[in-house]
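Reading through the structure tokens given below for one structure.
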Amino acid sequence: MNTKDLYQDLILDHATNPKNKIKLNYYNKDTEGFNRLCGDSVHIFVHSKNNIIDDISFLGNGCAICIASTSVMTQALKGKSEKDAFTLINYFLDLMKKQNNDEHLKIDNVEYNALNAFKSIVNFPMRINCATLSWITAEATIRNKNKQINIEDYK
Amino acid sequence: MNTKDLYQDLILDHATNPKNKIKLNYYNKDTEGFNRLCGDSVHIFVHSKNNIIDDISFLGNGCAICIASTSVMTQALKGKSEKDAFTLINYFLDLMKKQNNDEHLKIDNVEYNALNAFKSIVNFPMRINCATLSWITAEATIRNKNKQINIEDYK
Amino acid sequence: MFENIKDQFPIFKNKIKGKKLVYLDSANSSQKPQAVIDAVNNFYTNEFSNVGRGIYTLAVNASEKYETTRLNIKKFIGANSETEVVFTKNATESLNLVASCFGEKFINKDDEIILTELEHHANYVPWHFLRKKKGAVIKFLPIDHNGDLKIDELENLITSKTKIISVTHMSNVTGTINPLDQIISIAKKHNIPVCVDGTQGAAHLDVNFDQLGCDFYAFSGHKMYGPTGVGMLALKYKWLDEFGPFLGGGGMIDFVSKKDIAYARGVWKMEAGTMPTAEVVALNEAITFINNLGKQNIINHEHQLTQIALEKLKNNNAVKIVAHPKAQGGVFSFNIDEIHSHDVSTILDQEGVAVRGGHHCCQILHDVLSINSSVRVSFGVYNTSEDIEILCESIKKCQKIFKK
Amino acid sequence: MFENIKDQFPIFKNKIKGKKLVYLDSANSSQKPQAVIDAVNNFYTNEFSNVGRGIYTLAVNASEKYETTRLNIKKFIGANSETEVVFTKNATESLNLVASCFGEKFINKDDEIILTELEHHANYVPWHFLRKKKGAVIKFLPIDHNGDLKIDELENLITSKTKIISVTHMSNVTGTINPLDQIISIAKKHNIPVCVDGTQGAAHLDVNFDQLGCDFYAFSGHKMYGPTGVGMLALKYKWLDEFGPFLGGGGMIDFVSKKDIAYARGVWKMEAGTMPTAEVVALNEAITFINNLGKQNIINHEHQLTQIALEKLKNNNAVKIVAHPKAQGGVFSFNIDEIHSHDVSTILDQEGVAVRGGHHCCQILHDVLSINSSVRVSFGVYNTSEDIEILCESIKKCQKIFKK
Ligand SMILES: Cc1ncc(COP(=O)(O)O)c(C=O)c1O
Ligand SMILES: Cc1ncc(COP(=O)(O)O)c(C=O)c1O
């Protein structure tokens, strides 16, 4: 396992130039997610209408893995139905548990590659939370569940 | 080092038939001594007049070493001047520290043998407090210092 | 039953005053099997790192091992998914944690705490603190002449002011195994949480936290063939939410600012500062050791030894066993007529026999039994019937010395 | 200076991801010399017993060794006859003990506690508890842009309500060595007791408790080449008389009855339950190890390494050292432009370099420095200038990866 497997170009690109890193002008759901161990924090903003994620964005502070994963996540979820979003979130979280399960997955190749760029994180157990923080937070946002999330509670 | 060195006949005699184990009818000083580790406790009563220890006795509960040592102590101190009593107490306490120092000691052979019967206790470090408890308590009694004594404070 | 098991405990290779070591003080602390010693050694030699925040390899591995022990401890005590295990420094700290955190929030003036006459000071002094600080009342469930709890009186002790019941699983003096099932079912009827001092239970009795249904179970690593310096508190998760923190420091916080602090949740809230890392890691081997022998085999082995010892000592009229409980684990205490427990202990030591004299941190029990002190015999997996023979012979030597 | 010293630390025989281990996290916990590992091993293998009440040979020897460590710790920190050393589980517990016992008796509503912006959470959270429970006020002595305390402002912070000052000997982030002399002499003028968090001081700085004249000095065994699971609190004896007990249990009592309890005096009052026996015994070897090297040699060695590292890193423009204190021990922290500390730590780990990213339990300090986190480098006796070279190279690799 080489560092370059973890810090792939795709991840570094998203980390240095994250997409959707801005606060939405209009949003109807938002949640703050926090990783106590690292100090990573993300604030997810969602505008959803008729169970479709119209728009999604984030603000946050964190390591490259965290920021890149959040950036990829916002790209992947934008425009999706909430149902499809949950499927995708589960897929990503399973990926982080080494449970590769791409049946029933309706995503294009670009998305597939983006998500799978994070696959080698499973070999860096202390960094998994960095990758999953925003996905777990996004799920809570869409479900309009919690205002604040501590990733350590999601083990 | 053999058990019989510790439990000499003289000690066992005093332990099973302690002398002066009674509460004095008339006393002007008394102190309770306690050994937290063992649960040994002695209550020393002294009647002293013109700096002479007229009478001395004890009540108490404890192991053979403790009771024997107290018994021997009351015999040795009875009738002595307070000054001579302190010398004897110091002699005994020194003996328990392996500091044999019998210069200037004015005691007869019987007393000398009685006190030195306890000498091998130095080889049983956890039992030294059993032997010294009543001597330390007696010193406090004669000096009219404390009402209660905890031997652990005398290290 | 456990043939050649002494070979697994290197201490038995040594002589005490030229004699074989007959270790009968396991209720105080058990000896350590080679596997546990090796685990400490290996961790320091090859893998040492602090756990927690580290992302480098050593730290990751250490954290993983630390959490593996937690998982295995949970399995060991039959915890379900709503149960957590907090690491402390010993059972005493675990009990202090419960008394302090519970008391802080739920005990007010005149509230009542029920203990028993069998309790170790570790399960009394922390509650006494609440008596002093909060004006709480402590009631003691009494024992009968056998040394068994008068369980029938429990209902009568309970009032609307009763806030918690704290009771030992097994007495460290009489070996009495308390009927936790009964106590907990009575307590549940009244919605009273139950804290169990499992210090003598964990390595010697059947423990099923989930089935028992108690709220807290406190125990120590060093009495279950593990290293010193580590204790545990199993508890229902909800208490971690209810409780404020116990000790404050690194690792138990979420956010810190000059004005305020947000505490971490779950077990983290209770594990402040650098934990006994090597100790927790090595404790895992102690659990494996016990699991490999099988708890039921251990129970049988120690029960048998106790029966043999009590039977043999019956032949010695001068030996008075302090209590004869109905259900008894591998512990009993006695006195020899006219010989103080400390003299017994000293003389037995000359024969290589390690027993303890005193009140064994159970002064109330000794008061109730109207004795000053006692000699305690407690068994571990490594004891044999030969040990008992040596004990009985040594007791006779002791009597001979005192008869001169 | 310490040639071949790595040979005394078996962990350095291992490879990390095929690379030599470059351990730069001693401020978190130090690696263990063979002598300490052997001492733990030997104690469990040949001598194990609980200390305290036992009269049998094993127990007597264990108690003696336990007390020998206490004596040697006293000598080690330059304690005089009016000083005592209490064993705890870690520095965090030591600080909690001070805050809790002092607070219980001497802190009332609106009373003031002075800390500094450099404090580790272990020297803040326990005082925060008093803020919550008692309504006390916490004031922070600020630092200047170098990371040095603004010592001139201390007088102004002190009021008639100031009850205690608690300050770290050395920052675990910036390496700032605080002018304890000055602080204590100012405090003394106002009759205010001073508690020193000596966790980073004990193994790395000159400590003379008597000369310093502070009231408390808290530290941890595992950061001074000793085992995990044991901490210490040195304190003036009078506080043991003044303070009520901290944890309750066996060993800290004089008399117990159903109605009341009399506590033991001296250090016993504070050592409840089974102590980390093997840990205390083995700690003695850690002291011997440090004494043999010589504290002044250690100070020089670590100072030199720090200077070399800071000098080298000056050549790398992307590396920003977070503070430049006037007096600095063997600790510093930095950030690399545009790279988060956790990414740095992960990448350095691939090179065998163990450093920690994060706020190092000093969130307030990081807020004051306006940084989110940092990478910390901390030295121990086993580090060499070669370690620094590998560090600097690894940092460059890290930058290369991020530049793609
Ligand atoms: C300055 C300082 N104080 C206190 C502590 C807490 O020490 P421990 O974790 O050993 O209790 C540490 C270590 O993390 C420290 O660096
Ligand atoms: C029944 C019981 N409870 C509590 C304790 C305290 O355990 P520790 O000393 O490990 O804290 C003991 C052991 O002494 C015990 O026997």
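Protein chains in written order, with this note's numbering: chain A, 8 to 162; chain B, 8 to 162; chain C, 20 to 423; chain D, 20 to 423. Where is the CB? At the ideal position from N, CA and C, for every residue including glycine.
- In this structure, serine 127/B keeps its C-beta atom at 7 Å or more from the C-beta atom of threonine 77/B.
- Annotated as distal: proline 161/C and leucine 114/C, with beta-carbon spacing of 7 Å or more.
- Beta-bridge partners assigned by DSSP to aspartate 44/D: Ser397/D.
- In the structure shown, the three-state DSSP call for isoleucine 18/B is helix.
- For aspartate 216/C, the shortest C-beta to heavy atom distance toward ligand 2 is below 6 Å.
- Look at aspartate 273/D: its C-beta is under 7 Å from a C-beta on chain B.
- When distances are taken from the beta-carbon of histidine 223/C to the heavy atoms of ligand 2, even the shortest one reaches 6 Å or more.
- Setting aside the 5 residues that flank it on each side, isoleucine 92/C is surrounded in the same chain by Val104, Met251, Ile306, each with a C-beta closer than 7 Å to its C-beta; the list follows chain order.
- According to DSSP, isoleucine 355/D shares a beta bridge with Val338/D, Ile358/D.
- At least one heavy atom of ligand 1 sits closer than 6 Å to the Cβ of threonine 293/C.
- Residues Lys36 of the same chain have their beta carbon placed closer than 7 Å to that of glutamine 369/C, with the five preceding and five following residues left out of the count.
- Around alanine 71/B, the beta-carbon contacts reaching into chain C at under 7 Å are His359, Asp362.
- Straight-line measurement puts the Cα of lysine 277/D at about 20 Å from the Cα of glutamate 174/C.
- A Cβ of chain B is located within less than 7 Å of the beta carbon of isoleucine 74/D.
- Not one heavy atom of ligand 2 is found less than 6 Å from the C-beta of histidine 385/C.
- Around the C-beta of valine 400/D, 16 or more other C-beta atoms lie within 10 Å, and the residue is accordingly described as buried.
- For valine 156/C, same chain residues with a beta-carbon under 8 Å away, outside a window of 5 residues either side, are Asp129, Asp130, Glu131, Ile132, Arg150, Lys180 in chain order.
- Glutamine 230/C counts as exposed, since fewer than 16 other beta carbons sit within 10 angstroms of its beta carbon.
- Taking the CA atoms as reference points, aspartate 37/A sits about 27 Å from valine 117/A.
- Separation of the CB atoms of glycine 263/C and lysine 124/C is rounded to 7 Å, and the pair is thereby assigned contact status at 8 Å.
- Using a Cβ-Cβ distance cut-off of 8 Å, the region 77-89 of chain C and the region 220-230 of chain C are not in contact, since fewer than three pairs of beta carbons, one from each stretch, lie closer than that value.
- The nearest non-hydrogen atom of ligand 1 is 6 Å or more from the C-beta of alanine 121/B.
- For the region 133-160 of chain A, the beta-carbon criterion of a distance under 9 Å to any beta-carbon of chain C is satisfied by Met133, Arg134, Asn157, Glu159, Asp160.
- Asparagine 47/D sits away from asparagine 319/C, with the two beta carbons spaced by 7 Å or more.
- In the three-state reduction of the DSSP assignment, asparagine 157/A falls in the strand class.
- With respect to the 7 Å criterion, serine 404/D and valine 372/D are not classified as neighbours on the basis of their beta carbons.
- Residues of the region 408-422 of chain C with a Cβ closer than 7 Å to any Cβ of chain B, in chain order: Ile420, Phe421.
- Contact holds between the region 41-61 of chain B and the region 81-91 of chain B, because three or more Cβ pairs, one in each stretch, are under 8 Å apart.
- With a threshold of 6 Å, the Cβ atom of histidine 140/C does not count as near ligand 1, since no heavy atom of the ligand is closer than that.
- Interface residue (Cβ-Cβ distance to chain B less than 7 Å): serine 392/C is classified as such.
- When the beta-carbon positions are compared, threonine 111/C and alanine 81/C stay at least 7 Å from each other.
- Closest by C-alpha distance to tyrosine 34/B, out of Lys28/B, Asn136/B, Lys56/B, Asn97/B, is Lys56/B.
- By the Cβ-count criterion, arginine 395/C is buried, with 16 or more other Cβ atoms from all chains shown falling within 10 Å of its own Cβ.
- Bridge partners of glutamine 347/C according to DSSP: Thr195/C.
- The nearest non-hydrogen atom of ligand 1 is 6 Å or more from the C-beta of threonine 107/C.
- Assignment of alanine 373/D by DSSP, reduced to helix, strand and coil, places it in the strand class.
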